[in-house]
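Engineer: Our numbering puts the last residue of the sequence shown at 81; the count rises by one with no breaks.
We put the CB at the ideal spot given by N, CA and C, even for glycine.
This one's a predicted model, so the numbers in the text were calculated from it and none came from an experiment.
Below is one structure. I have some questions about it.
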Amino acid sequence: MLKLKQVRLEKGFSQTQLAALAGIHPATLSKLENGKVFPYPAWRKKLAKALDWPEEKADELFTEVEE
Numbered sequence: 015m016l017k018l019k020q021v022r023l024e025k026g027f028s029q030t031q032l033a034a035l036a037g038i039h040p041a042t043l044s045k046l047e048n049g050k051v052f053p054y055p056a057w058r059k060k061l062a063k064a065l066d067w068p069e070e071k072a073d074e075l076f077t078e079v080e081e
């Protein structure tokens, strides 16, 4: 699982809620969480902001963590 999904779940957001907060399509968020699309810098920045995650550590959201 990616850290992105872990943090989203810890904060209690659904994919739809986080996608709306970040201004990206829910299907894109799903693909990001499943590693099916490349996380462009703009998406990383938007997701970090929506999750109240330090922007300079946005890359960490796309690392694998244990479930």
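In this structure, does DSSP put residue 81 in helix, strand or coil?
Structural biologist: One-based indexing of the sequence shown puts residue 81 at position 67. If DSSP states are grouped into helix, strand and coil, residue 81 belongs with coil.
Engineer: Quick one: what's got a C-beta closer than 7 Å to residue 29's C-beta in the same chain, skipping five residues either side?
Structural biologist: Against the sequence shown, residue 29 aligns to sequence position 15. Result list for residue 29: 40, 43 and 44, in chain order.
Engineer: Tell me which residue opens and which closes the alpha helix (DSSP H) that residue 43 is part of.
Structural biologist: Stepping through the sequence shown from its first residue, residue 43 is reached at position 29. Its alpha helix (DSSP H) spans residues 40 to 47.
Engineer: Residue 72 lies in the alpha helix (DSSP H); which residues open and close that run?
Structural biologist: Mapped onto the sequence shown, residue 72 falls at position 58. Counting along the chain, residue 72 falls outside any alpha helix (DSSP H), and DSSP gives it neither H nor E.
Engineer: Could you tell me the distance, in whole angstroms, from the CA atom of residue 22 to the CA atom of residue 65?
Structural biologist: Here the question's residue 22 lines up with position 8 in the sequence shown. Here the question's residue 65 lines up with position 51 in the sequence shown. Roughly 7 Å between the two C-alpha positions.
Engineer: Does DSSP put residue 61 in a helix, a strand or coil?
Structural biologist: Translated into the one-based positions of the sequence shown, residue 61 becomes position 47. Looking at residue 61 - three-state DSSP - the assignment turns out to be helix.
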